[in-house]
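K.L.:
Residues in the sequence shown are numbered from 1 upward in steps of one, following the UniProt record's numbering.
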Amino acid sequence: MTPFKFIPPIIANFEAVRRDPNAKTLSELGQFYSKLPKGPAPAPTYNSFMGWYSNKYFGKKASGKPVLHLIAGIFLLSYASEYYFHLRHHSAHEH
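#1: Tell me the DSSP secondary structure of His69 in three-state form.
#2: Considering just the uninterrupted stretch of the alpha helix (DSSP H) at Lys60, what are its terminal residues?
#3: Taking C-alpha atoms, which residue in Pro42, Ile74 and Tyr57 lies nearest to residue 96?
#4: In whole angstroms, what is the alpha-carbon distance linking Leu87 and Ser54?
#5: Between Leu70 and Ser63, what straight-line distance do the alpha-carbon atoms span, to the nearest angstrom?
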């Protein structure tokens, strides 16, 4: 099956193009459309961590793992802040 070639209906009508003296010729129009990319768009590539993460967990194979990652991240941040502001003082001496 040949790929679908799109030419707008108004421009595809040769009589409508020929009536306008300022209109481009159909050969120029054909050259323009022949230079356009054909086929499906290539898949985007990601160069950052967030791009990779969103492609992996929010793309076609979406899952619930980001919720678990969020819970683990909140736990680690809260423990780190608790250690920094309170628990590190217990290693040297008691209250």
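For each residue, glycine too, the CB sits at the ideal point set by N, CA and C.
P.N.:
In terms of the structure at hand:
#1: Walking along the sequence shown from the start, residue 69 turns up at place 69. The answer is helix: DSSP assigns His69 an H, G or I state.
#2: Taking the first residue of the sequence shown as 1, we reach residue 60 at position 60. First-last for Lys60: undefined, no H or E at that position.
#3: For residue 96 there is no data in the structure shown, the boundaries of the chain being 1 and 95.
#4: Looking up residue 87 in the sequence shown gives position 87. Looking up residue 54 in the sequence shown gives position 54. Each residue's alpha carbon lies about 35 Å from the other.
#5: Taking the sequence shown and counting its residues from 1, the one referred to as residue 70 is at position 70. Taking the sequence shown and counting its residues from 1, the one referred to as residue 63 is at position 63. Answer to the nearest angstrom: the Cα atoms are 13 Å apart.
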